[in-house]
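**Q** Using the numbering used here, the first residue of the sequence shown is number 676, and each one after it goes up by one. Questions regarding the structure given below will be posed in turn.
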Amino acid sequence: MNSAKLGWGLHASGRMRHIEMAERGKKCDCVCPDCGSPLIAKKGDQVVWHFAHAVPIECNGESALHRAAKQVIEDAATNHFSILLPEISGTVSQQDIRRRHFEGVWSVPSRLAEISAASQEVRIRSDLIADVLAICDQQEVAIEICVTNRKTEVEQQKYEAADVSCIEIMLFDMKWNASVELIEEAVLRSASRCWIHCVHARYRIDAARVDLNQKIQDQIRDEAATFDGFCSLIMDSEIKQLNLLNWPILKAKFSQTSDSSITTVEVSETPKITKFLDVCSRFNGIIESTGIVNNKIPVGVYFILDGIDISTISIGSPSLIISVDINEFESVSLEKCGLTWVGIDRWIDKLNAKAVEKYQKRENQRLESEKRIDSFAEYFIGLNNLEKLAFIANKLNISPPSYIGPVVFHWNTTWSIWKGLVWYYYVFKKKEEVVYLSSIAECKWLSRLLSWSDTSESINKRQKDLWFWFKDLESIGLVGHEGAQFFNVSKMLPKKFVPWEKIKVK
Ligand SMILES: [Zn+2]
């Protein structure tokens, strides 16, 4: 059956009485503070002194210590003892007009406060009863004693709503038979405690807000002064200095897809202000002015202290926004300003038109060059072999051969003509480059000029002829043999070389 030991009993006088102070046995005249049934003071030699329920009952008298603690505070008021009120601290924060975050700290230090009055179980609101309501240094403070469970958020909200200061004192480690002295020491000083709600903190928070706000205003004022000075410096600068600004490069592209290739042209422009006119207005880190772009176009200029919201000001078109970051960590310079053009749709339209124009010009050039090539091919094909030789000799600035020789089937022309063409297109024009014999034997351009047969047999034969001829050229140092079927072309080619002459080894 139940054998709960109580250190404290509720005496007939209405006060809690410690076992030390009680008379032995039933004479103690105490009842259990929880169930109200009689207690017996057991003060023998065998067991630690304690109260026990006189009749066995399901009760552990758990509120005994709680009630004793409340009584201790009430008694402390009678004796004008002091109670330790804990420290409370926190932070306040604020954003400045540059959208930066600032913080300030506030605190109410811990202190000993004299208790001049205290009552138990005081109704604060219909749904809130304080364990003790005390007057500590002329201020009302509710005191909640917690032996088993801490106060919940709901109770905290109730104290906040009632705007009554409240501290919570934790007595978790207190022994069931703790003496009045031990409880007094714990409750008044040593037990851990915290504020549930502190009315006084409000003044500290308000003061911290005022301080923080002042600090922010001071800083902004200093920064705005530096900003004004720096912007005036920019506006008075020479063009050479203004070039140091990070002028945005405006770009436009035009792409055209034909067959499988994409042609893209890009154009860019970097408009710059060459002169600033008078300032129209200065307000809270925003300076409005006018500038002249490339000595002719007037534009709006807005100097903005970095971070300031400019969505509320109406910005004309076109305009330049110059964002200036003034801060305590680094010095301001022209290179670090952020420049942005706004309302420049018409400029971009013009730039796009320029890109199209550039593309068309390039395309016309390409078509013209193709046309020239076509008409040359047509002209060349129309010549007879003698005329072809005369034409090539003229290109190479040498004399044509006296004897032109027979037509070779797989070249569809004479030795002198194909050697002359290969020299002109594949040796003369490829100084210091590598040529592949297969690419000559299959060359589309030569094939067009000479109407080659494209059978693998004739390609192979052309490649073989080329190989023998390139070996001859190698022997006099005009080409170098690089690999099985490719040669590099010397950069020391003679000014006049006659490709159709029999090559003599020196
Ligand atoms: Zn009981």
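Note that CB positions come from ideal geometry on N, CA and C, so glycine has one too.
Roughly how many whole angstroms lie between the Cα atoms of Ile-748 and Arg-699?
**A** 27 angstroms
**Q** Taking the alpha-carbon positions, what's the Glu-941 to Tyr-1034 distance?
**A** 9 angstroms
**Q** Between which residues of its own chain and Arg-692 is the CB-CB distance below 8 angstroms, once the five residues before and five after are set aside?
**A** Trp-683, Gly-684, Leu-685, His-686, Cys-703 and Cys-705
**Q** Shorter than 8 angstroms, the distance from the beta carbon of Ser-678 to the closest heavy atom of ligand 1, or not?
**A** no
**Q** For Ile-758 and Arg-690, what's the separation of their Cα atoms in angstroms?
**A** 21 angstroms
**Q** Please state whether the Cβ-Cβ distance between Ser-992 and Gly-1013 is less than 9 angstroms.
**A** No, the pair does not count as a contact, with Cβ atoms beyond the cut-off.
**Q** From Lys-1106 to Gly-1152, what does the alpha carbon distance come to, in whole angstroms?
**A** 13 angstroms
**Q** Since Asp-806 is in the beta strand (DSSP E), which residue starts that stretch and which ends it?
**A** Asp-806 -> beta strand (DSSP E) spans 803 to 811.
**Q** Return yes when the C-beta of Cys-703 is under 8 angstroms from any heavy atom of ligand 1, and no when it is not.
**A** No - ligand 1 has no heavy atom lying nearer than 8 angstroms to the Cβ of Cys-703.
**Q** Does Thr-901 come out as helix, strand or coil in the three-state DSSP assignment?
**A** helix
**Q** Do the CB positions of Ala-817 and Met-845 come within less than 9 angstroms of each other?
**A** no
**Q** Examine the Cβ distances between the segment 1115 to 1129 and the segment 1049 to 1068 and report whether three or more of them are shorter than 8 angstroms.
**A** In short, these stretches touch, since the Cβ pair count reaches three.
**Q** Beta-carbon distances below 5 angstroms to any heavy atom of ligand 1 define the shell here; list its residues in chain order, please.
**A** Cys-707, Asp-709, Cys-710, Cys-734 and Gly-736
**Q** Could you tell me if Cys-710 is buried or exposed, where buried requires 16 or more neighbouring beta carbons within 10 angstroms of its beta carbon?
**A** exposed
**Q** Let me know if Gln-746 comes out buried or exposed under the rule of 16 or more other beta-carbons within 10 Å of its beta-carbon.
**A** buried
**Q** If you draw a straight line from the C-alpha of Arg-773 to the C-alpha of Asp-981, how long is it?
**A** So the two alpha carbons sit approximately 7 angstroms from each other.
**Q** For Val-1097 and Gln-931, what's the separation of their Cα atoms in angstroms?
**A** 35 angstroms
**Q** Would you please state the rounded distance, in angstroms, between the beta carbons of Asp-802 and Ile-820? I believe it to be under 8 angstroms.
**A** Actually they are not in contact, since the Cβ atoms of Asp-802 and Ile-820 sit about 19 angstroms apart, beyond 8 angstroms.
**Q** Since Arg-1047 is in the beta strand (DSSP E), which residue starts that stretch and which ends it?
**A** That residue, Arg-1047, is in no beta strand (DSSP E); its alpha helix (DSSP H) goes 1020 to 1057.
**Q** Strictly by DSSP, which residues pair up with Ser-1008?
**A** Answer is none; Ser-1008 lacks a bridge partner.
**Q** Does the beta-carbon distance from Gly-736 to His-728 come in below 9 angstroms?
**A** yes
**Q** Between which residues of its own chain and Leu-1009 is the CB-CB distance below 6 angstroms, once the five residues before and five after are set aside?
**A** Leu-919 and Leu-920
**Q** Can you give me the C-alpha to C-alpha distance between Tyr-977 and Lys-950, rounded to a whole angstrom?
**A** 14 angstroms
**Q** Helix, strand or coil: how does DSSP classify Glu-963 here?
**A** Glu-963 sits in a strand when the DSSP states are folded into three classes.
**Q** Could you give the uninterrupted runs of the alpha helix (DSSP H) lying entirely in the segment 726 to 777, keeping only those of 4 residues or more?
**A** If you keep only unbroken alpha helix (DSSP H) runs of at least 4 residues inside the segment 726 to 777, you get 739 to 753.
**Q** With 16 as the cutoff for other CB atoms within 10 Å, does His-776 come out buried or exposed?
**A** exposed
**Q** Kindly give me the distance between the Cβ atoms of Gln-769 and Asn-888, rounded to whole angstroms, as I take these residues to be in contact under 8 angstroms.
**A** 6 angstroms
**Q** Among the candidates Tyr-1099, Lys-680 and Lys-1136, whose CA atom is the shortest distance from the CA of Val-1173?
**A** Tyr-1099
**Q** According to DSSP, Ile-1001 sits in a beta bridge with which residue or residues?
**A** Its beta-bridge partners do not exist; DSSP assigns none.
**Q** Could you give the residue range of the alpha helix (DSSP H) that holds Gly-1095?
**A** 1090 to 1097
**Q** Reducing DSSP to helix, strand and coil, say where Met-1167 ends up.
**A** Note: Met-1167 maps to coil in three-state DSSP.
**Q** With distance defined between alpha-carbon atoms, name the residue in Glu-1045, Lys-1171 and His-741 nearest to Ala-824.
**A** Per the sequence presented here, residue 824 reads as Asn, with Ala not at that position. The option with the nearest alpha carbon to Asn-824 is His-741.
**Q** Scan the segment 826 to 893 and note each continuous alpha helix (DSSP H) run of 4 residues or more that stays entirely inside, going in chain order.
**A** 828 to 837 and 855 to 860
**Q** Helix, strand or coil: which one does DSSP assign to Lys-928?
**A** strand
**Q** Does Glu-698 come out as helix, strand or coil in the three-state DSSP assignment?
**A** coil
**Q** Output needed for Gln-1160: all residues of its chain with C-beta closer than 8 angstroms, excluding positions within five of it in sequence on either side, in chain order.
**A** Tyr-1111, Leu-1112, Ser-1113, Gln-1138 and Trp-1142
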